[in-house]
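Position 139 of the sequence shown, counted from 1, bears residue number 241 in this note's numbering, the numbering being contiguous throughout.
The beta-carbon is built from N, C-alpha and C at its ideal position, and this holds for glycine as well.
None of the values given here were measured: they were computed from a predicted structure.
The structure appears right after this line, and notes come after that.
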Amino acid sequence: MELTGSRWAGRFIGMTFALGGVAWVIFALLVLGNVLAGMGNYALGPASSRIVAGGGAGSWFTMGILAYLIVAVGGTGFTAFFYQHIEGTMGSALVGGRNIGAWIHLTLGSLGSAGASLIMAWGGFQAGAALLTTDVGGGGQNVLYVHTNILSPLAVPIASLMGIALLGYLVGGIVLASGWMAAHRKSKGS
Numbered sequence: 103m104e105l106t107g108s109r110w111a112g113r114f115i116g117m118t119f120a121l122g123g124v125a126w127v128i129f130a131l132l133v134l135g136n137v138l139a140g141m142g143n144y145a146l147g148p149a150s151s152r153i154v155a156g157g158g159a160g161s162w163f164t165m166g167i168l169a170y171l172i173v174a175v176g177g178t179g180f181t182a183f184f185y186q187h188i189e190g191t192m193g194s195a196l197v198g199g200r201n202i203g204a205w206i207h208l209t210l211g212s213l214g215s216a217g218a219s220l221i222m223a224w225g226g227f228q229a230g231a232a233l234l235t236t237d238v239g240g241g242g243q244n245v246l247y248v249h250t251n252i253l254s255p256l257a258v259p260i261a262s263l264m265g266i267a268l269l270g271y272l273v274g275g276i277v278l279a280s281g282w283m284a285a286h287r288k289s290k291g292s
């Protein structure tokens, strides 16, 4: 069997590059914020290192960043291997309903997971910053205030975006499984 390329693998890799670019911008701003905060300028908020070290509500920041890197960026890129295997190696073209399903997988899965994790990271940064003392650029708030006014309002949007991502992953799993089965039927029939 001759190996061919996969248009869907290329699309998932393209999305990975886009999400990776967003990650680069986020980390560049975090580094700049840390440098500025070290000089007493809190224009970008307190140093993210203080938010992470503070724990508690700031752990949403850490988990959001990790989820973004692992699930949104890494997962999207890794998924390209599955599409390459189905389309390129096995020779099963994803056309018709499978093509639509792959678009759903790419958009809902990638953007849903990216949105949920970035909202979580943003909420954790805001919450952690609010808990820090004012002398380091924080808000000097208490835990009850932070959970009531910053984190609680984010729970439903995060859960909704996670549900959207899961729907995208489910559709993608069906697309990949049906493409794999079609390729196996085709190889047994020839």
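Range of the contiguous alpha helix (DSSP H) that encloses I266: From DSSP, the alpha helix (DSSP H) with I266 extends over S254 to G291.
Can you tell me the Cβ-Cβ gap for V277 and A223, rounded? I've got them flagged as a contact below 8 Å. Going by Cβ atoms, the distance from V277 to A223 rounds to 29 Å, so no, they are not a contact pair.
Should S289 go down as buried or exposed, given a rule of 16 or more other Cβ atoms within 10 Å for buried? Classified as exposed, S289 has fewer than 16 neighbouring CB atoms from the shown chains inside 10 Å of its CB.
Is DSSP giving S215 helix, strand or coil here? Correct three-state label for S215: helix.
R287 burial status per 10 Å Cβ neighbour count (16 or more: buried): By the neighbour-count rule (16 or more Cβ atoms within 10 Å), R287 is not buried but exposed.
Which listed residue (T250, A231, I221 and N201) has its alpha carbon closest to that of A261: For A261, the closest alpha carbon among the candidates T250, A231, I221 and N201 is that of I221.
Consult DSSP for A149 and reduce its assignment to one of helix, strand or coil. It is coil, neither helix nor strand.
V173, enclosing alpha helix (DSSP H) - first and last residue: No alpha helix (DSSP H) holds V173; DSSP gives it neither H nor E.
Can you give the Cα-Cα distance for A120 and L263, rounded to whole angstroms? Separation of A120 and L263 (C-alpha to C-alpha, rounded to the nearest whole angstrom) is 19 Å.
For a test of the three-state rule: what should DSSP assign to L196, helix, strand or coil? If DSSP states are grouped into helix, strand and coil, L196 belongs with coil.
Given S194, which residues of its chain have a CB within under 6 Å of its CB, disregarding the five upstream and five downstream residues? Cβ within range, chain order: I188, G281, A284 and A285.
DSSP three-state assignment for S108, whether helix, strand or coil: Coil, per DSSP.
Less than 7 Å between C-beta atoms, sequence neighbours within five positions excluded: which residues of the same chain meet that for G107? Here the set comprises G190.
Can you check whether the CB of T178 is closer than 8 Å to the CB of T118? Their beta carbons are under 8 Å apart, which means T118 touches T178 by this criterion.
Identify whether S235 lies in helix, strand or coil by the three-state DSSP scheme. Per the sequence presented here, residue 235 reads as Thr, with Ser not at that position. Note: T235 maps to coil in three-state DSSP.
Distance, G225 Cα to S219 Cα: Rounded to the nearest angstrom, the two C-alpha atoms are 10 Å apart.
Tell me, please, whether the region 152-169 touches the region 230-245 by the rule of three or more beta-carbon pairs shorter than 8 Å. When C-beta atoms of the region 152-169 are compared with those of the region 230-245, three or more pairs fall below 8 Å, so the two segments count as touching.
Among T164, I202, G160 and L196, which has the Cα closest to the Cα of H249? Distances from the CA of H249 to each of T164, I202, G160 and L196 were compared; the closest alpha carbon is that of G160.
Taking DSSP as the reference, what is the three-state secondary structure of Y144? Here Y144 sits in coil by DSSP.
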